[in-house]
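J.:
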Amino acid sequence: MLSIKLTNWQPWQMRPERFTVKDCLANAVMQAGLPRLEAQMLLEYVLEQPRVWLIAHDEYLLSGDEFDRFDGLCQRRLMGEPMAYLVGVREFMGLPFEVSPAVLIPRPETELLVETALKWMDDLQAPRVLDLGTGSGAIAVAIAHARPDARVCATDVSQEALILAQRNAVRHGVNVKFAAGSWFAALDQADEQFDLVVSNPPYIAAGDPHLVQGDLRFEPRNALTDESDGLAAYRFLASGAPAFLASKGVLCLEHGFTQANAVKQLLLNAGFLNVKTIQDLAGHPRVTMGSYNG
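2 is the number of the first residue of the sequence shown in the numbering used here; add one for each residue after it.
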């Protein structure tokens, strides 16, 4: 079925000459209204060819199956499904990460969390790092990739997410220990002590209109919201992290730009010292961290 309504397109058996690369892109953009870059990305994915190939082979005739796949992806994109899920990959810290609807799509704002963690670890030899709620593994894998000497552990309650995260670790040739369970429940407290604990937990409050807008409509809800005030995970992490932090260890958390003061106060109440917030490139308070001397 041709779900994109295009003026000159007919069923494959009747008009095969219409299904060239050039015509597919032109019609997806002009008739269906997709941005050209998105149409190119979808066709690259279907044909398993880079953009330069599409340019050099714009008269290539798609098979019926190739056209149907491209058409289906265009229709899903027109319905709002995220490009990252359609093509199965998103770049983060300069590395490609496999993604699926089982995990959040890595976002540029989260790169600040990784950059902050790496900067803090500059003077540490073989730092021990824990990533809680790893999802696609983007944070843990990016840290392990930048610091091959680091001993990185990552947890998630979702087995599906952990399988995907493990594939991303293998893809980038890094060694990350993955553990299944909710937050610290995945760890053995007697054996696990870390110099740094990082997390990008669910921080959108229940009822926030953003949950039913844009890409968020398609992402796993339990990774987006605590179904409460958006601070439940921070309360738990602030109170639970000290038991897993080595002396002078640091807890480093991403949060919404309106939550900085609340997260900072939670860390102070839990006994953290040198608590500070770092702004993202847009000037929004995005990451809060503090050290624990217990």
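By construction, the Cβ of each residue, glycine as well, lies at the ideal position given by its N, Cα and C atoms.
This structure is a prediction, so every number in the text was calculated from the model and none was measured.
Sort out for me which residues DSSP pairs I279 with in a bridge.
T.: DSSP, once it has assigned bridges, lists V288 as partnering I279.
J.: Once you ignore the five residues that flank M2 on each side, which residues in its own chain have a CB closer than 6 Å to its CB?
T.: Because the pLDDT at M2 is just 34, under 50, the model does not fix this residue reliably, and the point stays unresolved.
J.: State the DSSP-derived secondary structure class of A141, mapped to helix, strand or coil.
T.: Helix, per DSSP.
J.: At the level of alpha carbons, what is the spacing between E112 and P202?
T.: Distance between the alpha carbons of E112 and P202: 14 Å.
J.: Helix or strand or just coil, what does DSSP make of S159?
T.: The answer is coil: DSSP assigns S159 none of H, G, I, E or B.
J.: Tell me which residues share the same chain as G241 and place their Cβ nearer than 8 Å to its Cβ, disregarding the 5 neighbours each side in the sequence.
T.: Cβ neighbours of G241 beyond the five flanking positions: W184 and F185.
J.: Report the residue ranges of all beta strand (DSSP E) runs contained in full by the segment 38-94; include only those spanning at least 3 residues, in chain order.
T.: Within the segment 38-94, the complete beta strand (DSSP E) runs of at least 3 residues are 90-93.
J.: Any idea what DSSP makes of Y204, helix, strand or coil?
T.: DSSP places Y204 in coil when its eight states are reduced to three.
J.: My understanding is that L238 touches L254, with C-beta atoms under 8 Å, so please give their C-beta distance in whole angstroms.
T.: Contact flag correct, Cβ pair sits at about 7 Å.
J.: Under the three-state reduction of DSSP, which class applies to P221: helix, strand or coil?
T.: Correct three-state label for P221: coil.
J.: Would you report the Cα separation of S4 and Q76, rounded to the nearest angstrom?
T.: Summary for S4: the model assigns pLDDT 47, below 50, so the residue's position carries little reliability, and this model does not support an answer.
J.: Using only the alpha-carbon positions, how far apart do G284 and L232 sit?
T.: Roughly 22 Å separates the two Cα atoms.
J.: Alpha carbon to alpha carbon, how far is A261 from R148? Give it in angstroms, no decimals.
T.: Each residue's Cα considered, the two are about 28 Å apart.
J.: Quick one: Cα of V100 to Cα of W54, how far?
T.: In a straight line, the C-alpha of V100 is about 25 Å away from that of W54.
J.: I'd like to know whether the C-beta atoms of V142 and N176 end up nearer to each other than 8 Å.
T.: No; because the gap between Cβ atoms is not below 8 Å, this pair is not in contact.
J.: Where do the ends of the alpha helix (DSSP H) carrying F237 lie?
T.: Run containing F237: A233 to G241, per the alpha helix (DSSP H) assignment.
J.: If you count every other CB in all the chains shown that lies within 10 Å of the CB of A297, and 16 or more means buried, which is it?
T.: Since the first and last residues shown for the chain are 2 and 295, residue 297 lies out of range.
J.: Do K265 and V251 have their C-beta atoms closer together than 8 Å?
T.: Their beta carbons are not under 8 Å apart, which means K265 does not touch V251 by this criterion.
J.: Hey, out of P243, L268, L246 and Q280, whose CA is closest to R258's CA?
T.: Looking at the sequence itself, residue 258 is Phe, so the reference to Arg does not match. Of P243, L268, L246 and Q280, the residue nearest in Cα terms is Q280.
J.: Would you identify the three-state DSSP class for F245, choosing helix, strand or coil?
T.: The answer is helix: DSSP assigns F245 an H, G or I state.
J.: Classify L188: buried if its beta carbon has 16 or more other beta carbons within 10 angstroms, exposed otherwise.
T.: Burial call: buried.
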